[in-house]
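Undergrad:
Numbering (our numbering), first residue to last: 1 to 114.
1. Could you give the distance in angstroms between the alpha-carbon of residue 44 and the alpha-carbon of residue 31?
2. If we ignore side chains and look at the alpha-carbon of each, how far apart do residue 54 and residue 74 end up?
3. Might you give, ordered along the chain, the residues of its own chain that have their beta carbon closer than 7 Å to the beta carbon of residue 17, omitting 5 neighbours on each side?
4. Among 72, 77, 59, which residue has its Cα nearest to the Cα of residue 12?
5. Output the residue ranges of the alpha helix (DSSP H) runs that lie fully inside the stretch 2-30 and measure 4 residues or longer, sorted by chain position.
6. By DSSP's criteria, residue 35 is part of a beta bridge. Which residues make up the other side?
7. Does residue 59 pass the burial test, meaning 16 or more other C-beta atoms within 10 Å, or should it be called exposed?
8. Name, in chain order, the residues that DSSP records as bridge partners for residue 78.
9. May I ask which residues mark the beginning and end of the alpha helix (DSSP H) holding residue 71?
10. Helix, strand or coil for residue 152, going by three-state DSSP, please let me know.
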């Protein structure tokens with residue numbers, strides 16, 4: 001394994017960064033733990049990325065912890081894949097405009113209003 005970054009899925013929402021640091025630290029040196037959270041609510045999205053200090057540590061942790069039960073959930077631990085072909089940034093924005101806001105037909109000088 002050439003990569004040091006691991007994807008960790010099927011996390012309980014209450015799993016903390018410290019929980020993962022302690023668990024993965026039993027299998028090598030942990031460089032970084034990032035639990036992915038919902039941008040609006042701040043709640044865990046149920047997965048994280050754990051970066052180990054070396055490819056060997058990452059391999060050992062992956063072999064030992066894939067399927068390991070943490071907080072009544074069987075962890076899914078795989079080598080993290082780089083993002084491919086995903087456009088950056090969120091959707092949203094103001095949406096497409098309609099151009100002229102008056103509608104579809106020209107009403108002239110509107111002199112015939114009551």
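Ideal Cβ placement from N, Cα and C applies to all residues, glycine included.
Predicted, not measured: the structure shown is a model, and the values here were computed from it.
TA: For this structure:
1. By one-based count along the chain shown, residue 44 stands at place 44. By one-based count along the chain shown, residue 31 stands at place 31. Whole-angstrom Cα-Cα distance: 20 Å.
2. Here residue 54 is taken as the residue at index 54 of the chain shown, counted from 1. Here residue 74 is taken as the residue at index 74 of the chain shown, counted from 1. Rounded to whole angstroms, residue 54 to residue 74 spans 24 Å at the Cα level.
3. One-based indexing of the chain shown puts residue 17 at position 17. Closer than 7 Å at Cβ, skipping near neighbours: 33, 35.
4. To locate residue 12, count along the chain shown from 1; it is residue 12. Ranking 72, 77, 59 by Cα distance to residue 12 puts 72 first.
5. 17-25
6. Within the chain shown, residue 35 is the residue found at index 35, counting from 1. In the DSSP output, where bridge partners are listed per residue, residue 35 has 48.
7. Working through the chain shown from its first residue, we reach residue 59 at position 59. Buried, since its Cβ has 16 or more Cβ neighbours within 10 Å.
8. Reading the chain shown from its first residue, position 78 is the one you call residue 78. Answer is 7.
9. Here residue 71 corresponds to residue number 71 of the chain shown, with the count starting at 1. Bounds of any alpha helix (DSSP H) do not take in residue 71, whose DSSP letter is neither H nor E.
10. The question about residue 152 has no answer here: the residues shown for the chain are numbered 1 through 114.
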